[in-house]
Structure formats: C-alpha cells, structure tokens
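Numbering (the UniProt record's numbering), first residue to last: 1 to 595. Cβ atoms here follow ideal geometry from the backbone N, Cα and C, with glycine treated the same way. The structure displayed is predicted, hence computed values, not measured ones.
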Amino acid sequence: MREFSTPATFEIPRTGNLTDDVVTNAAVAPQDVVFSRPASEGGWQDVTSAQFLAEVSSVAKGLIAAGIQAGDRVALFSKTRYEWTLLDYAIWFAGAITVPVYETSSAEQVHWILQDSSARAVVAEGADHVARVVEVREGLAHLDHVWSFADNAVEILVKLGADISDEELEGRRTALTPDSIATLIYTSGTTGRPKGCILTHGNFMFELGVAVSELERLFETEGASTLLFLPLAHVFARIIQIGCIKSRTRLGHSPDIKNLLDDLGEFKPTFILAVPRVFEKVYNTASQKAVADGKGKIFAIATDVAIAFSRAQEKGRVPLRVKAQHAVFSKLVYSKLLAALGGSCEFAVSGGAPLGERLGHFYRGLGLTVLEGYGLTETTGALTVNLPDAIKIGTVGRPIAGTAVRIADDGELLFKGGQVFTGYWGNEDATEEALSDGWFHTGDLGEVDDEGFVRITGRKKEILVTAGGKNVAPAVLEDRLRAHLLVDQCMVVGDGEPFIGAIVTLDPESIPAWASARGKSDRIEDLVDDPDLRAEIQKAVDDANKAVSHAESIRKFQIIPDAWTEEGGQLTPSLKLKRNVVMREFRDEVEALYR
C-alpha cells in the first residue's frame, strides 16, 4: 500500500472564521481594489476593501432583520456575479450557512436541495429562477423568503437592515469558529440524488491558508487578478473567490459565456481557472479558424513546436532549432491566442478532469502554464496541485502541505488533511462509507510516483470488465477522444462484452466549418454516416488507442446526431458524463455495436 504525505505548513487556528479576511482587508488596506464589477454604463467599476466591508455588513443586517438566525441555511440560486460573492459573505456575517444551487438546476433539483437543507431563504438570479422556486414552494415549510437580484434583492436587504446595530451584527459574525459550518455544497452527482457536503470555515481556512502561500505567483504578485466565469455553486470557483479575498487579489465575474472573450479583453486577468473542456474548446476553435483561413498546416506545425518546446523545457534543454521555430511562431500564432485571454494571463488553473499531456504541453509551449490540480467537493477543492516551480505535466501535482495520499490495494486514492469535509448533511451511512478507516475514499483510481506526483487513471465505479475479464478505465480513452476538433462528447462501453466500443457525439461549433470546406451539408443528422467524417473520427480513435493496450482499445464506434448536455440530463453541471443516463437513453445504439 503506497503512501505519500507533504509536511504541514499551516495549522487551523482555534478561533476566527472566513469573515475575518474582509474585516482585516478594510482595516489594513481600505483603499485597495479587491473587485472590479461590471458598470451599468459599460466597462468595470472598482470596489475597495472598505466599500466591500460596508456592503457586506449592510446586506447581512438585512438578513438578520428578515429573521435569519445563526445556523440557518440561505440558498444562492444564481449565475456567477459580484452579488453572489457579496451575499456569500453577508450570509456568513449573519452567522448563517450558504447553500449554493446551480443556476441551471431544474425545479425538481431545486426542490430537493431546498427541502434537504431546510433553507429559510433563497436569493435567486431573476424571474426564471424565481419561477422554478415558486413551482416547488408548496411543501417547503421552512422557506420564508425568496428574493431576486433582478428585483433589487440587495437594495431591499440593505433597507431592511437599517435598524440593526453594528454590535448585533458583530456578535453574529464573531460567534462563528473554525468548526462552524460555512456551506452545504450539494454534489452534482453522476448517479442518484445530490448529497450535501458539510464544509466548515476551518476546512476553507486550511485549504486557502496553504494554497495562497503555495500559489504565491498567482495570488501575491503585483497587479494579480482573475476573472471568474465558472459557476460559484462549484467548490472550484468558490475557493478561488475566497483565496482572492484573503490575498486582496482583484476579482471579477463574467456571468455569460457569450461575453467571455470581450470580458477577458477588458479585464486582462493575470490568471484564470477553467475545466479541461474549456481548454479543449479554445484550442479547437483556434485550429478551426486557422483551417478556415487557409492556415491549417501552419497552425498544426505551430502546435507541434509548442509541444516540443515544452517537452524540451521539462528535460532542461531546448534545441536551437526548436528555439528558433518557437520564436517565429510566438509572433505569428502564440501571441494571438494569449491576446484572446486579455494579454496578461501567465497561468491557468485546471480541475474537474484530467487535461491530458498534449494540451498541457501545448499551452505551456505558447506561454500559458496550466496548473492541473485534483480535488472534490468533499475535500473543499484541492488535495493536490502542480505548482509553478514544481510541475509534472500529465499529473495533478503533489499533495498540498499537510495532506497525505494513500493508494488502496484496489488502486483507489485515499486522502487525509484539514480540508477533508466532516460528512454529508443528514446522511450518516454515506458519511461512514466515505470516511472509513480515517481516510477519505475518493472513488477515483490513481498512481503516486516516487516524487509524490499523483496521476488519475479512472473511476473505481466506472471500470468496465470485458467478457474476457479485462479491466478497462474508460476515462483514459474518453479524455483523448474528446480532445479531437470534431468530437463533443463520447462514452466508452463494453462491460461484459467481447470488446470495447464507443458512442460519439459531434461538436456543433466545429462541424459547420469542416463540412463547408468539403462541400457537405452541415446538418449533423446528414453526417453521422459520412465516410469522410467517419475517417476523421477513426483517426481520433486510433490516437486514443495509443494510450492503452490492444485488449483495452476501442474496436468499433458509433456516431450519433444527439447532443449530450446538462439541460438534457446527460451531463452534470460540472460537465461530467452521467453514464447511467446515457446507457439508458442510448441502449439501442450501444447494443448495435455488438450485433
């Protein structure tokens, strides 16, 4: 049983809570800009430490005046926006607990989370979100208030709290300790109903006390800033939010992915965070544009040079020929890609799924170092991370300080650390299963090398066993397949079957340009059996098969016209595949592979 631990550099204090960062910032650096928020007339409006404290306090007083008691749950059902962060801290100032709800959640999902958490209030985005709450409000006996940002929720709460004294608010705020619950984050779940993960102020204090220090070049360099566009309902974005406030790193929010490129250009972040699918999309879009402009071959060569440059850097010596090529493409290609991110971005943090070695090297080669990390909702985000000065591309880094990893006999990754949650809300059986033997059981399979770098190899419950008895981790193949320009989603199948197969969906953004260049219909329905398209997908399958043995390789695949989306129920909000849903809905297509 292999084990690796990193010495502790931070100890959770016995007193205090996450709100202390806001109070401290206003005391020691009142005029520092800690936020830039979209201005009504366009552009960005700065918010100082002192202003943020004043706004948070005023809103928190409104929550108290509305009857929110210490320990009550308040749900946030909204897109990523400045007001989300404002309410998050206001809820904590009032001594309450934040319950995030993905803004894309269905009425049924909203009902479950509000019912299970016994939420006293909901602050929603707009009319559509309010309508989903109203649809299920009957039977939610604990729910007293529904406010909406679109209907001036912030202003209403500020007016409500006008008569609450500073002393009463400070009493609520300071009563919280590291052991107090900060939030219940419901796992998006690939199967079954979401479970509420109990995360304490101490969990976040440990996580960020370590991470901000270890990621000093992100958070503590002069002019550091980031633009959040991932959902704050996910723990990944949440820890970056808290880390920025702790370190006084300028933070912005981009709620609409359609405006992201414009927002990045205006905001000019020094680092960003995203899931691997975002990095795949950026690469594929650039590749597709190059092909459309007749520069496909140049882009392909530039890609190979970037990867070669990064690989050579890893070995400590870059050949002169590669250096020269890299210098040329830096002006012709790489600078334009970096300009799309605002022109100031040096680092990106990636989590949620493995990025893959090829893309990791590509981005580092063009000048954007992607720091892959690994963690779960149950672990307050990061358990491991690649650091700017300690990177091994293809891994998710080493355990952060004070964290230990163990590989169980069956290959499962187990962890210990101050960021590991205390359990699931009202679910003792699930808690005992997850935290047995004093270790958190992640459900993921992995490896640890001699230097402590962790590599994720698959999901314990997603292992396929072929009729011949071969164990196959589908994630390895799926990650490689999804990296192809024309592939949107895919699912590897073959449990109990004689060989491994795959169901593939097509990328609706890339297909039109590919089809137009070949004089074909751009309707996906017309292309699923097209021989040229199948030849392209076969290349992607062949590339994916290079990562596995012959017995684990994909022998047959089927392209389907359907799209797998979060709205359709096939993907979770964090874009993980709901395998059971896809298997149920596309059973005929899977069975057709084996006829």
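Residues bridged to TYR102 [DSSP beta-bridge criterion] | Note: TYR102 sits in no beta bridge, so no partner.
Leaving aside the five residues before and after ARG238 along the sequence, list all residues of the same chain whose C-beta is less than 7 Å from its C-beta, in chain order.
-> LEU232
Taking TRP514 as the reference, give the member of PRO498, VAL487, VAL282 with the closest Cα.
-> VAL487
Provide the residue(s) that pair with GLY501 in DSSP beta bridges, ordered along the chain.
-> VAL493, LYS556
Sequence ranges, alpha helix (DSSP H) only - wholly within the stretch 145–172, length at least 4 = 153–160
Hey, would you say ALA353 sits closer than 9 Å to ASP507, going by beta carbons?
-> no
Cβ contact (3+ pairs, closer than 8 Å) linking the stretch 295–306 and the stretch 329–346 = yes
Terminal residues of the continuous beta strand (DSSP E) containing GLY375?
-> 369–376
Do LEU485 and ASN545 have their C-beta atoms closer together than 9 Å?
-> no
Is the beta carbon of ALA182 less than 9 Å from the beta carbon of ILE97?
-> yes
For LEU230, which three-state DSSP category applies?
-> coil
Could you give the residue range of the beta strand (DSSP E) that holds GLU135?
-> Looking at the DSSP string, GLU135 is not in any beta strand (DSSP E); the run it does join, the alpha helix (DSSP H), is 127–136.
Between the stretch 344–360 and the stretch 273–285, do at least 3 Cβ pairs fall closer than 8 Å?
-> yes
Quick one: residues in its chain with C-beta nearer than 8 Å to the C-beta of PRO399, no 5 flanking neighbours on either side, listed in chain order?
-> PHE4, SER5, THR6, LEU383, THR384, VAL405, PHE415, GLY417, GLY452, VAL454
Proximity winner among LYS195, LYS61, ASP88, GLY343, relative to ASP262 (alpha-carbon distances) | GLY343
TRP44: first and last residue of the uninterrupted beta strand (DSSP E) it sits in | 44–48
Please go through the same chain and pick out, in chain order, the residues whose beta-carbon is closer than 7 Å to the beta-carbon of SER180, but skip the five residues on each side of it.
-> ASN17, THR200, HIS201
Who are the Cβ neighbours of ALA547 in its own chain at under 6 Å, not counting the five residues just before and after it?
-> VAL476, ARG480
Sub-9 Å separation of ALA27 and GLU83 beta-carbons = no
What separation, rounded to the nearest whole angstrom, lies between the Cα atoms of ILE456 and ILE407?
-> 11 Å
Could you check what DSSP says for PHE206 in three-state terms: helix, strand or coil?
-> helix
From ALA434 to VAL420, what distance separates their C-alpha atoms?
-> 11 Å
Pull up the distance between the alpha-carbon of VAL235 and that of ALA324, whole angstroms please.
-> 42 Å
Quick one: Cα of SER247 to Cα of ILE240, how far?
-> 10 Å
Check ASN17 in the structure and name its three-state DSSP category.
-> coil
What residues in its chain sit with their C-beta under 7 Å from that of LEU355, if we drop five residues either side in the sequence?
-> PRO276, PHE279, VAL370, GLU372
Rounded to whole angstroms, how far is the Cβ of GLY95 from the Cβ of GLY71, which I believe are closer than 8 Å?
-> 7 Å
Which word fits PRO561, buried or exposed, when buried means at least 16 other C-beta atoms lie within 10 angstroms of its C-beta?
-> exposed
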